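First comes the structure, then the notes that go with it.
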Amino acid sequence: YATWWIRQAMSRALADQARTIRVPVHVVELINRVVRVQRRMLQERGCEPTPQEVAAHLDLAPERVGEVLRLAQEPVSLHAPVGEEDDVALGDLIEDGDAASPVESAAFLLLRQHLEAVLSTLGERERKVVQLRYGLADGRPRTLEEIGRLFGVTRERIRQIE
Numbered sequence: 001y002a003t004w005w006i007r008q009a010m011s012r013a014l015a016d017q018a019r020t021i022r023v024p025v026h027v028v029e030l031i032n033r034v035v036r037v038q039r040r041m042l043q044e045r046g047c048e049p050t051p052q053e054v055a056a057h058l059d060l061a062p063e064r065v066g067e068v069l070r071l072a073q074e075p076v077s078l079h080a081p082v083g084e085e086d087d088v089a090l091g092d093l094i095e096d097g098d099a100a101s102p103v104e105s106a107a108f109l110l111l112r113q114h115l116e117a118v119l120s121t122l123g124e125r126e127r128k129v130v131q132l133r134y135g136l137a138d139g140r141p142r143t144l145e146e147i148g149r150l151f152g153v154t155r156e157r158i159r160q161i162e
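So the sequence shown is numbered by UniProt numbering: it starts at 1 and just counts up by one.
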């Protein structure tokens, strides 16, 4: 009887501490059941069972078996070498979604230059009003009221200048 409790304590400790990302014990037990059934079916049939077959055997939904199999996969380090040589890491191959593409950067630069050229045709006061109104200088668009206070005129006058 004590053997069962010792075995359970050891398997619970492994389930709690063996993974890089902690998975709840009941999920680890479900993963173990699915993997065990998969192995047994593979030995009996000689071919890999489908998630639907495993689900039918365990009386689970096929979607749940798919989830469990995804959870069973160990995470891969971004520092792991890729290919035959160790000079390229997996993280080097992943695209930075936040970084602007060179085409976007070039288009933005050209647009900025064109905007500066157009603004240079305006008078000093008009240029300043447009820059403040659309946030071209600091990225913060101002209201007509705010700009009017800065110049000491009404918001209607700023609208006319704009």
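Beta carbons: idealized from backbone N, C-alpha and C, even for Gly.
These figures come from a predicted structure and were not determined experimentally.
Within the same chain, Cβ atoms closer than 7 Å to the Cβ of Leu71 are found at Val23, Val27 and Ile31, the five residues on either side in sequence being excluded.
According to the DSSP secondary-structure assignment, Pro24 is paired through a beta bridge with no residue. Taken through DSSP and simplified to helix, strand or coil, Ala80 comes out as coil.
Nearest in C-alpha terms to Leu119, of all of Glu162, Ala106 and Val153, is Glu162. For the set Asp86, Val82 and Ala99, the Cα lying nearest the Cα of Leu93 is the one of Val82.
Assigned with DSSP and collapsed to three states, Ala107 falls in helix. Rounded to the nearest whole angstrom, the CA to CA distance from Ile147 to Asp98 is 33 Å. As computed with DSSP, Ala18 is found in no beta bridge at all. Here Ala15 is buried: its Cβ has 16 or more other Cβ atoms, across all protein chains shown, within 10 Å. In the DSSP annotation of this structure, the continuous segment of the alpha helix (DSSP H) that includes Gln160 starts and ends at Arg155 to Ile161.
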